[in-house]
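The sequence shown: position 225 = 225 (full-length UniProt numbering), numbered continuously.
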Amino acid sequence: MKKGYAYILKIFNYIINRYIFSILIVTAILLSFIYYKLSLIDRSNNLLSQLENGLATARYLFEEQKRYALSLSLLLSQDKEIQESFIKKERQESFKIVNKKIDLLKKLQNSEMDVQIHNKNLSTYIRSWDFSKKDIPLETFRKGLVKVKKQMKPLVSIELGKRLNIKAISPLIQNNQFIGSLEVIIGFDYLEKELKQKGFDTFILLKNKFLNIADTLKTNPSFKGFTLVNNQNQNIDSLEYFNLKELKDYGYFTSQHKAFSYFSIYSLDREKLGYIIISLANKDNILIKYSYEKRRTEENSGIIIE
């Protein structure tokens, strides 16, 4: 009887132990799964936070460059040497003075820029990078120039010309009359360099339909209806797997190995020109996809607010 009882007890203990062991295994698996999910959520949140911070930084640098271009345009448009040579229509003298000022500003500010001065009829007076170019009519495709002439107020924006860049235009005024305008042109080198130092690659994309105006970009890398404006050595393969037509005003998305933030760039007519996209490594292959629309406004100064 005792042997039978001991046997039953042994079987019972065996079942209990197996049951407890199974519970422990299931619990361990469940806890591991929960830990994995929480870890994934944490890594996803961290990546999204990086993308949000990167986007905020990119937009700040973009606006900072616009304000910088505007301040230079205002400064040079009020320079007495430039004004006097322009009024006298001494192109050679204007060219020398403008490039002297540019060289000085480059030393002080360590930045690259070009200057173009326009006649009253919005044709080219001088270009700091090419003295031979003059009397080129710009009114038909340079809406910023038309706006500055009409309102006699400075303006800074992303504007299409032969290139896509930041253009800050200030009126030249004599006796309360518009006599021309001075334009400071700044590229995206500073923006790209600053973001690179923070671990981001930068892609500035222009819609291909604008290449009839920005014709100097026709030989740049092009894909999916967009042309790369900045560094032509930039590897754009990481963007190939995403439908750029799905992008809205700003947002975030990921591919297998890369994570992206972006915001749109617009013309003065609020027509979307393209995007500024920044990227960093997506080591954990986290899936993120958020796109947003945002209302756009304009300050009295003429600065477009992204």
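The C-beta atom is built at its ideal place from N, Cα and C for all residues, glycine as well.
Taking the beta carbon of residue i as the centre, do at least 16 other beta carbons fall within 10 Å, making it buried, or is it exposed?
| i | result |
| --- | --- |
| Ser238 | buried |
| Glu293 | exposed |
| Gln65 | buried |
| Leu38 | Its pLDDT being 48, under 50, Leu38 is placed unreliably in this model, and the value from its coordinates should be taken loosely. Leu38 comes out exposed. |
| Gln109 | exposed |
| Thr227 | buried |
| Pro171 | buried |
| Ser291 | exposed |
| Ala69 | buried |
| Tyr262 | buried |
| Leu104 | exposed |
| Asn212 | exposed |
Report all residues from its chain with a CB closer than 7 Å to the CB of residue i; omit the five preceding and five following residues, and keep chain order.
| i | result |
| --- | --- |
| Phe131 | Phe95 |
| Trp129 | Asp114 |
| Glu224 | The sequence shown places Lys at residue 224, rather than the Glu named in the question. The answer, listed in chain order, is Leu244. |
| Thr124 | Gln116, His118, Lys133, Lys134, Asp135, Ile136 and Leu138 |
| Tyr35 | Note on Tyr35: pLDDT 47, under 50, position unreliable in the model; the coordinate value appears next. Contacts found: none. |
| Phe242 | Phe253 and Ser255 |
| Ser85 | Glu93, Ser94 and Ile97 |
| Ser71 | none |
Less than 6 Å between C-beta atoms, sequence neighbours within five positions excluded: which residues of the same chain meet that for residue i?
| i | result |
| --- | --- |
| Ile126 | Arg91, Ser94, Phe95 and Ile117 |
| Phe260 | Phe253, Ile277 and Ser279 |
| Phe200 | Gly54, Ile278 and Leu280 |
| Ser264 | Asp249, Lys272 and Tyr275 |
| Asp79 | none |
| Val148 | Leu155, Ile169, Pro171 and Ser181 |
Take residue i as the anchor and find which of the options has the nearest alpha-carbon.
| i | options | result |
| --- | --- | --- |
| Ile169 | Ala259, Thr202, Lys80 and Leu155 | Leu155 |
| Ala214 | Ile158, Asp269, Glu194 and Ser264 | Ile158 |
| Leu247 | Leu228, Tyr275 and Asn53 | Tyr275 |
| Phe62 | Ile179, Lys89, Tyr190 and Lys153 | Tyr190 |
| Phe188 | Leu160, Lys149, Phe223 and Asn230 | Asn230 |
| Asn165 | Asn99, Gln177, Glu192 and Ile179 | Glu192 |
| Glu240 | Ala56, Val148, Asn176 and Phe203 | Phe203 |
| Lys150 | Ile20, Ser71 and Ile179 | Ile179 |
| Gln197 | Ile20, Thr57 and Ile25 | Thr57 |
| Gln177 | Met152, Ser85 and Leu160 | Met152 |
| Tyr60 | Asn212, Leu195 and Asp269 | Leu195 |
Please work out which residues of its chain come closer than 8 Å, Cβ to Cβ, to residue i, disregarding the five sequence neighbours upstream and downstream, and give them in chain order.
| i | result |
| --- | --- |
| Ile288 | Ser44, Leu47, Leu48, Leu51, Tyr252, Phe253, Thr254 and Ala259 |
| Val146 | Leu122 and Glu139 |
| Lys106 | Glu112 and Met113 |
| residue 322 | For residue 322 there is no data in the structure shown, the boundaries of the chain being 1 and 306. |
| Ser73 | Pro154, Val156, Ala168, Ile169, Ser170, Leu182, Glu183 and Val184 |
| Asn220 | Thr227, Leu228, Val229 and Gln232 |
| Ser222 | Asn208 and Leu228 |
| Asn282 | Leu47, Thr254, Ser255, Gln256, His257, Lys258 and Ala259 |
Please check the pair residue i and residue j, which I expect to be a contact at CB under 8 Å, by giving their CB distance rounded to whole angstroms.
| i | j | result |
| --- | --- | --- |
| Lys120 | Gly144 | That belief does not hold up - the Cβ atoms of Lys120 and Gly144 are roughly 16 Å apart, past 8 Å. |
| Arg142 | Leu217 | So it is not a contact: roughly 17 Å between Cβ atoms. |
| Ile236 | Gln174 | At roughly 48 Å, the Cβ-Cβ gap does not stay under 8 Å, so Ile236 and Gln174 are not in contact. |
Evaluate contact between the stretch 170 to 183 and the stretch 208 to 220, counting only Cβ atoms and requiring at least three cross-stretch pairs below 8 Å. By the Cβ test, the stretch 170 to 183 is not in contact with the stretch 208 to 220, since fewer than three Cβ pairs between them sit closer than 8 Å.
Specify whether the stretch 132 to 142 and the stretch 246 to 264 touch according to this definition: at least 3 beta carbon pairs, one from each stretch, less than 8 Å apart. With a cut-off of 8 Å on Cβ pairs, the stretch 132 to 142 is not in contact with the stretch 246 to 264, counting fewer than three such pairs.
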